[in-house]
Amino acid sequence: MKNRPEIRRRLIQGNEAIVEGALAAGCRFFAGYPITPASEIGELMATRLPEVDGTFIQMEDEIAGMGAVVGASLAGVKSLTATSGPGFSLIQENLGFACIAEVPCVVVNVMRGGPSTGLPTCPAQGDVLQARWGTHGDHPIIVLAVSSVIDSFNITVIAFNLSEKYRVPVIILSDETVAHTRESVVLPPAGSIAVVDRIIPTVPPEWYHPYEGNSRGVPAMAPFGSGYRHHVTGLVHDRHGYPTQQPEEVDAFTRRLHRKISNGFHDIHIVRRLHLEDAEVAVIAYGSVGRTAQRAVAMARNKGIKAGLIQLITLFPFPKEAVVNVLRQCRAVLVPEMNMGQISREVRRVSPGDTKIHKLNRVDGLPIDPDQLFKELQLL
Amino acid sequence: MSTIRQEYLRHDKKFPHVWCPGCGNGIVLGAMLRAIHRLELAKDEIVLVSGIGCSGRMPVYVDFNTLHTTHGRALTFATGIKLARPALTVLAVMGDGDATAIGGNHFIHAARRNLNFTAIIINNQIYGMTGGQYSPTTPYGARAATAKHGHIEHAFSIAELAVTAGASFVARGTVYHAAQLDTLIEKAISRTGFSVVEIMSNCHVQFGRRNKMADPVTMLKWFRDRAVRTQDAVDLHPDSLSDKFTIGVLADVEKPSYIAEYEKIRIRAKKKK
Ligand code: SF4
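Here it is as structure tokens:
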């Protein structure tokens with residue numbers, strides 16, 4: 014490898030930044046299937062991974078891509094797949110496997126309009142609740158949203174770190190606007206990035222219980238081939254990893270899955286606050302709309318409107334505390350989304366009082382622009 | 220067998236197993252363990268992956284690195300494991316419905332791709348665990364829970380499908396021909412590309428009961444009477460093979476494996492940088 018300059022200024026698009034973020038976080042395996050507008054992630058991984066002794070494989074479909082990602086992670090390699098709406102639906106079964114078997118991995122969904130083939134080249138945010146509830150069964154998951162090219166880099170690193178720390182799949186929601194916008198960004202020097210790796214067992218193999226959680230509820234994970242021979246299954250299992258239907262074991266298992274994520278709330282909840290100190294009205298936004306909202310709030314401030322923004326990076330588990338604080342403080346909030354109101358439902362759900370919750374829903378395949386958002390803000 | 224049993228079965232697993240008495244799955248498991256024993260593979264080096272169904276429960280009983288995946292997807296998980304740790308010996312055990320219905324697409328592409336691992340497909344011609352519905356290998360005219368009036372679809376020949384799709388080693392055996400089975404599995408594991416062993420196995424409970432073969436022995440005899448060794452089949456008229464199937468090695472070819480090819484990609488990619 015040639016020495017790369019310490020400061021890495023690059024003109025790249027969001028999809029490329031996701032690849033660089035993944036590699037910086039230690040990702041060394043990608044399996045997936047091409048789909049617009051996520052394809053560049055796979056394309057660039059195919060070029061970059063072999064340079065760093067990683068492996069790329071283009072599978073026969075998204076189901077297979079997700080299966081291979083889980084397999085590679087079980088063998089100890091940080092793994093990624095990337096897709097868009099139709100492919101995201103297909104990966105859900107194996108994604109659920111990763112949830113129950115607690116296999117760290119990252120899934121990028123560059124959202125497009127839908128349902129079905131929908132609007133392949135238009136931005137949309139229609140998969141927010143699918144990201145949370147798309148699998149079957151009852152389990153927690155972490156969903157993060159990116160709003161810019163540099164976000165795509167930084168949040169991908171965070172996604173891998175959370176995934177490893179909590180042994181849970183992390184979904185990154187991007188959209189066409191972020192994915193294909195080129196921006197000049199400065200990527201942090203390789204050594205400056207904090208990388209988290211899964212906990213591996215240190216006890217002798219005969220003492221190892223693959224599904225016994227630590228104080229945080231997260232079990233140590235022995236990669237296949239490391240001398241700790243154990244069983245991994247998609248069935249509900251006991252602490253040895255063997256299938257169980259004992260009510261007390263099933264209950265303890267399900268609650269631990271939820272507990273390990275709820276215990277990590279303060280670590281997992283990431284939001285950005287802008288001008289909230291004295292705000293009377295606020296925007297609650299995420300993804301590319303979050304960035305549009307930064308501009309709209311600045312426009313409002315110029316006009317003397319006391320507007321603020323809470324930009325959600327973490328969508329699930331829903332950052333309730335931060336949102337509630339904004340609701341308590343402001344007389345009205347605006348939730349702009351490129352869907353008919355998937356996060357505004359969550360905002361309503363956590364709302365403690367009678368703050369007015371307005372929606373701005375754009376579903377014509379075009380991004381929400383700052384003028385449109387600013388106009389709505391003036392009406393609050 | 221007792222040493223093999225002690226060496227390879229899990230001591231901490233709460234037996235008994237879930238299989239019906241007399242099920243062919245036990246014979247397949249025995250053959251697989253004997254083959255592994257003969258090859259002197261270390262338990263730490265082996266990953267046994269399965270899909271869902273009666274065969275899917277095999278990994279839980281044996282003391283390897285084991286993985287019980289989703290229905291039809293065993294080969295996709297196995298692909299990830301093999302690529303992440305090429306030094307491991309990866310085996311995927313599947314049923315006929317598992318491998319060729321829901322997993323049919325993965326199966327043909329795994330064969331085409333030629334990754335270095337072994338697929339063992341236990342063909343009992345029925346969906347056993349879900350109650351005897353017809354599968355892609357249920358014979359024409361046979362009865363099943365979803366074919367009470369007789370089956371009107373035509374069966375896949377799994378081994379021949381694997382040959383056509385490009386698997387580098389393909390064999391077929393039966394649980395009646397148990398000694399041969401050990402050898403076929405041993406060969407399959409020792410080859411470098413994608414290997415497939417299709418094993419005709421008895422599900423006397425779900426298939427046999429509906430087709431006048433309600434006990435294991437009758438089913439084993441059915442395999443005995445219908446199996447023709449590949450070398451004998453060459454001299455026979457195709458018509459006399461219409462209700463028979465061949466057993467033995469169907470394909471054994473050398474071609475570059477995915478792992479070896481990808482290593483070349485890595486060298487090229489690093490040079491270019
Ligand atoms: S249902 Fe059939 S295949 Fe399944 S365990 Fe019983 S006999 Fe074996």
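Protein sequences appear in the order of chains A and B.
Residue numbers 14 to 393, in the working numbering, belong to the letters of the first sequence in order.
Residue numbers 220 to 492, in the working numbering, belong to the letters of the second sequence in order.
We put the beta carbon where it would ideally sit given N, CA and C, even for glycine.
Residue i, enclosing beta strand (DSSP E) - first and last residue
i	result
Lys372 (chain A)	369–374
Met124 (chain A)	118–124
Ala44 (chain A)	42–45
Phe388 (chain B)	388–393
His244 (chain A)	244–246
Ile213 (chain A)	Taken as a continuous stretch (DSSP letters only), Ile213 (chain A) belongs to no beta strand (DSSP E), as it is neither H nor E.
Ile70 (chain A)	68–71
Gln26 (chain A)	21–26
Ser409 (chain B)	Per DSSP, Ser409 (chain B) belongs to no beta strand (DSSP E); it is in the alpha helix (DSSP H), 397–409.
Ser86 (chain A)	No beta strand (DSSP E) contains Ser86 (chain A), which is instead part of the alpha helix (DSSP H) from 75–87.
Arg286 (chain A)	284–287
First through last residue of the alpha helix (DSSP H) which encompasses residue i
i	result
Leu270 (chain A)	260–276
Gln105 (chain A)	98–113
Ser197 (chain A)	Counting along the chain, Ser197 (chain A) falls outside any alpha helix (DSSP H), though it belongs to the beta strand (DSSP E) covering 195–200.
Val360 (chain A)	355–363
Ser269 (chain B)	Premise fails: Ser269 (chain B) lies in the beta strand (DSSP E), 265–269, not in any alpha helix (DSSP H).
His256 (chain B)	244–257
Phe387 (chain A)	383–392
Ile345 (chain B)	Counting along the chain, Ile345 (chain B) falls outside any alpha helix (DSSP H), and DSSP gives it neither H nor E.
Tyr477 (chain B)	477–491
Length of the line joining the Cα atoms of residue i and residue j
i	j	result
Ser197 (chain A)	Gly55 (chain A)	21 Å
Gln352 (chain B)	Pro99 (chain A)	30 Å
Pro47 (chain A)	Leu57 (chain A)	12 Å
Glu473 (chain B)	Phe388 (chain B)	9 Å
Ile76 (chain A)	Gly247 (chain A)	15 Å
Val83 (chain A)	Ile265 (chain B)	17 Å
Pro330 (chain A)	Val119 (chain A)	16 Å
Val423 (chain A)	Ile323 (chain A)	Nothing in the structure corresponds to residue 423 (chain A), since chain A is present only between 14 and 393.
Ala311 (chain A)	Ala345 (chain A)	17 Å
Ser176 (chain A)	Lys273 (chain A)	12 Å
Ala364 (chain B)	Ala137 (chain A)	45 Å
Asp458 (chain B)	Arg276 (chain B)	38 Å
Ala311 (chain B)	Ala338 (chain B)	5 Å
Gly277 (chain A)	Val65 (chain A)	32 Å
Arg341 (chain A)	Asn352 (chain A)	25 Å
Lys15 (chain A)	Lys492 (chain B)	Unreliable positioning characterises Lys15 (chain A) in this predicted model, as indicated by a pLDDT of 49, which lies under 50. The coordinate reading is nonetheless provided below. When rounded, the distance between both Cα atoms is 7 Å.
Gly127 (chain A)	Thr96 (chain A)	14 Å
Lys333 (chain A)	Gln225 (chain B)	54 Å
Leu307 (chain B)	Phe336 (chain B)	9 Å
Val170 (chain A)	Arg286 (chain A)	21 Å
Ile341 (chain B)	Arg292 (chain B)	15 Å
Gly89 (chain A)	Ala329 (chain B)	22 Å
Ile345 (chain B)	Thr222 (chain B)	33 Å
Ser275 (chain A)	Ala407 (chain B)	47 Å
Leu87 (chain A)	Ala233 (chain A)	12 Å
Met432 (chain B)	Pro240 (chain B)	15 Å
Leu373 (chain A)	Thr356 (chain B)	54 Å
Leu390 (chain A)	His149 (chain A)	38 Å
Ile404 (chain B)	Gly323 (chain B)	21 Å
Cβ-Cβ separation, residue j to residue i (assumed contact under 8 Å), whole Å
i	j	result
Leu393 (chain A)	Val294 (chain A)	4 Å
Thr393 (chain B)	Ile466 (chain B)	6 Å
Arg331 (chain B)	Ala384 (chain B)	5 Å
Lys195 (chain B)	Tyr280 (chain B)	In the structure as shown, chain B starts at 220 and stops at 492, and residue 195 (chain B) therefore has no counterpart that could be examined.
Gly299 (chain B)	Gly80 (chain A)	7 Å
Val231 (chain A)	Ile212 (chain A)	7 Å
Near ligand 2: residue i beta-carbon under 6 Å from a heavy atom
i	result
Val312 (chain B)	With respect to small molecules bound, the structure shown includes ligand 1 and not ligand 2.
Residue i versus the options, residue with shortest Cα-Cα distance
i	options	result
Asn227 (chain A)	A:Arg23, A:Arg252, A:Ile184, A:Glu219	A:Arg252
Leu380 (chain B)	B:Leu469, B:Ile255, B:Ala488	B:Leu469
Ala366 (chain B)	B:Ala398, B:Arg429, B:Leu439	B:Arg429
Asp164 (chain A)	A:Gly303, A:His250, A:Phe43	A:Gly303
Pro218 (chain A)	A:Ser205, A:Gly300, A:Ala309, A:Pro236	A:Pro236
His243 (chain A)	A:Gln259, A:Asp140, A:Tyr224	A:Tyr224
If we require 3 or more residues per run, which beta strand (DSSP E) segments fall completely within the region 282–341 of chain B? For the region 282–341 of chain B, whole beta strand (DSSP E) runs of length 3 or above, ordered along the chain, are 284–287, 308–314.
At what residue ranges does the region 297–344 of chain A contain a whole run of the alpha helix (DSSP H), taking only runs of 4 or more? If we require 4 residues or more, the alpha helix (DSSP H) runs fully inside the region 297–344 of chain A come out as 301–315, 333–342.
Contained beta strand (DSSP E) runs [length at least 3] in the region 133–181 of chain A, N- to C-terminal order: 155–158
With a floor of 4 residues, list each alpha helix (DSSP H) that falls wholly inside the region 412–473 of chain B, ordered by position along the chain. 435–445, 449–452
So if I threshold CB-CB distances at 9 Å, which residues from the region 141–154 of chain A count as touching chain D? Considering every chain present, this structure includes no chain D. Its protein chains are A and B.
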